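Worksheet: the structure to be examined is printed underneath.
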Amino acid sequence: MKNMVPRLDTAERIHLVLNSPGGSLSAALPFAEFLKTIGHVSTYNVGIVNSAAIPIFAVGDERICSAGASFKLHDVMGCATGYHTLSEFEKIVETLRNDQMRMVELLETQTGSPASVWLGFMQEGKVMDAGMAMRLGLATQTGECSMMAREGVAI
């Protein structure tokens, strides 16, 4: 990523195409925050954007999803292997709570929908279609997600 930073800074627009089941929220949030600082990012959901991929999608100033795209939010999960003390588990839980609140705050800021909406989706493990994503402000438009005619840097 370090080698790309000068190129990203000078690009007219960055196009980030996503089709992701998610991953580590602790890893996704710093990347989303980095993209937000660039300020000229278009994000595309060409299939599924789930879990930890949602904050990355949400930081685009232009957020496009194909008509058949979906998004899934669920409670933040973590994994603790081995033996741990109570205080170690408490730190793990605190980190998970902080990550969840950072994600909810990011979604609230980027979409204009209240935190209670996003927390409800997370607690219920809901799947959103493109129409619902538009109504909630997660997507700014639906349509063709082709990169052929776009200018800028595609990642």
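So the sequence shown is numbered by my numbering: it starts at 50 and just counts up by one. Note that CB positions come from ideal geometry on N, CA and C, so glycine has one too. Quick caveat, the model's predicted, so the values are computed rather than measured.
1. Measuring alpha carbon to alpha carbon, tell me which residue in Y93, E111, T92 and P70 is nearest Q123.
2. Does the beta-carbon of F138 have 16 or more other beta-carbons within 10 angstroms, so that it is buried, or is it exposed?
3. Give the secondary structure of S75 by DSSP, where H, G and I count as helix, E and B as strand, and everything else as coil.
4. Where do the ends of the alpha helix (DSSP H) carrying K175 lie?
5. For S91 versus D178, is the C-beta spacing smaller than 8 angstroms?
6. Is the Cβ-Cβ distance between M152 and L74 less than 8 angstroms?
7. Does the distance from the CB of L67 to the CB of A102 come in under 8 angstroms?
8. Taking F83 as the reference, give the member of A107, G169, G96 and I97 with the closest Cα.
9. With DSSP collapsed to three states, give me the class of R184.
10. Determine the burial state of T191: buried for a count of at least 16 other Cβ atoms within 10 Å of its Cβ, exposed for fewer.
11. Judging by CA-CA distance, which residue of A77, P104 and I63 is the nearest neighbour of G205?
12. Please list, in chain order, all residues of the same chain as E193 whose beta carbon is under 8 angstroms from its beta carbon, the five residues on each side excluded.
13. Between G127, I87 and A188, which has its C-alpha nearest T160's C-alpha?
14. For L155 versus V125, is the C-beta spacing smaller than 8 angstroms?
15. My parser needs the beta strand (DSSP E) runs of 3 or more residues fully inside the segment 80–109; what are they?
16. Does G88 pass the burial test, meaning 16 or more other C-beta atoms within 10 Å, or should it be called exposed?
From the atom records:
1. Position 74 of the sequence shown, counting from 1, holds the residue named residue 123. For clarity, residue 123 is His in the given sequence; the question names Gln instead. Ranking the options by Cα distance to H123, first place goes to P70.
2. Position 89 of the sequence shown, counted from the first residue, corresponds to residue 138. So F138 ends up on the exposed side.
3. Mapped onto the sequence shown, residue 75 falls at position 26. In this structure, S75 counts as helix in the three-state DSSP scheme.
4. As a position in the sequence shown, residue 175 is number 126, starting the count at 1. No alpha helix (DSSP H) holds K175; DSSP gives it neither H nor E.
5. Position 42 of the sequence shown, counted from the first residue, corresponds to residue 91. Position 129 of the sequence shown, counted from the first residue, corresponds to residue 178. Result no, Cβ atoms of S91 and D178 do not sit closer than 8 angstroms.
6. Against the sequence shown, residue 152 aligns to sequence position 103. Against the sequence shown, residue 74 aligns to sequence position 25. Yes, these two residues count as a Cβ contact at 8 angstroms.
7. Residue numbering aside, residue 67 sits at position 18 when the sequence shown is read from its first letter. Residue numbering aside, residue 102 sits at position 53 when the sequence shown is read from its first letter. Yes, these two residues count as a Cβ contact at 8 angstroms.
8. In the sequence shown, residue 83 corresponds to position 34, counting from 1. It is A107.
9. Position 135 of the sequence shown, counted from the start, is the residue given in the question as residue 184. In the structure shown, R184 sits in a helix (DSSP, three-state: H, G or I).
10. Stepping through the sequence shown from its first residue, residue 191 is reached at position 142. Buried, because 16 or more other Cβ atoms sit within 10 Å of the Cβ of T191.
11. Limits of the chain in this structure are 50 at one end and 204 at the other, which puts residue 205 out of reach.
12. Position 144 of the sequence shown holds residue 193. Contacts found: S115.
13. Position 111 of the sequence shown, counted from the first residue, corresponds to residue 160. Among G127, I87 and A188, the Cα nearest to that of T160 belongs to A188.
14. In the sequence shown, residue 155 corresponds to position 106, counting from 1. In the sequence shown, residue 125 corresponds to position 76, counting from 1. For L155 and V125, no; Cβs fall outside 8 angstroms.
15. 90–99
16. The residue labelled residue 88 in the question sits at position 39 within the sequence shown. G88 should be labelled exposed.
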